[in-house]
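Participant: The numbering of the sequence shown is the working numbering, which starts it at 1100 and goes up by one. Think of the CB as a built atom: it goes at the ideal place given N, C-alpha and C, for glycine as much as any other residue.
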Amino acid sequence: MTPDDAALVRWVAGHDEPCPVCSYNLQDAPDAVCPECGVLLRLSVTSPATALGPLILGIVSFSVAIGFDAVTLALVGGSVVLFGPPPGIVPQMTVFFLTLGLLALLSALGLGALVRSRKRWYRQARRRQWEVAWLIFLIVGGIHAIAGVTLISILA
Ligand SMILES: [Zn+2]
1100 MTPDDAALVR
1110 WVAGHDEPCP
1120 VCSYNLQDAP
1130 DAVCPECGVL
1140 LRLSVTSPAT
1150 ALGPLILGIV
1160 SFSVAIGFDA
1170 VTLALVGGSV
1180 VLFGPPPGIV
1190 PQMTVFFLTL
1200 GLLALLSALG
1210 LGALVRSRKR
1220 WYRQARRRQW
1230 EVAWLIFLIV
1240 GGIHAIAGVT
1250 LISILA
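(1) Taking the beta carbon of Ala1131 as the centre, do at least 16 other beta carbons fall within 10 Å, making it buried, or is it exposed?
(2) To test your reading of the DSSP string, which unbroken alpha helix (DSSP H) runs of 4 or more residues are found completely within the stretch 1129-1184?
(3) Return the CA-CA distance between Gln1228 and Trp1110, expressed in angstroms with no decimal places.
(4) Please classify Gly1240 as buried or exposed, where buried requires at least 16 other C-beta atoms within 10 Å of its C-beta.
(5) Rounded to a whole number of angstroms, what is the C-alpha to C-alpha distance between Asp1103 and Leu1197?
(6) Pick out whichever of Ala1128, Ala1148 and Ala1150 has its Cα sitting closest to the Cα of Leu1140.
(7) Given Thr1149, which residues of its chain have a CB within under 7 Å of its CB, disregarding the five upstream and five downstream residues?
(8) Would you say the beta carbon of Val1159 is closer than 8 Å to some non-hydrogen atom of ligand 1?
(9) Where do the N-terminal and C-terminal ends of the alpha helix (DSSP H) with Tyr1221 fall, by residue?
(10) State yes or no: is the C-beta of Ala1106 within less than 9 Å of the C-beta of Leu1142?
(11) Is Glu1116 near ligand 1, going by C-beta to nearest heavy atom under 8 Å?
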């Protein structure tokens, strides 16, 4: 038994602590292995500030936007390559491709900035993390909605 394993066994002695995999009560477990599911266990220090919910919302907001922009660009771009641009709206199609490309680029930059600044993110209060995450969601979604409605009105 390693010193870390011994520390874990001392920690669960007399503690109600659920297995992170199967939720079995690990109280008085004799080793750093869950007696119920057999998963290896490790004692660690963590913080509620590093809970992933708000960060995932921010990452998903940017990622969904990038995915939407990329798929739309691929589908419309593919049809233009295969069948040629629709007659009479080449300038509008150019605006369409530039707008979606710019939105995808901005979303990718936002995603990169969010991932790079996650240590600063974790230092914010949890409530602030959720506020910023929802703000990201609303801004990215709102800009895409406005751009979508504008592009549809230009192309229609
Ligand atoms: Zn277990």
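Facilitator: Working from what's here:
(1) buried
(2) 1152-1182
(3) 31 Å
(4) exposed
(5) 55 Å
(6) Ala1128
(7) Tyr1221
(8) no
(9) Arg1217 to Arg1222
(10) yes
(11) no
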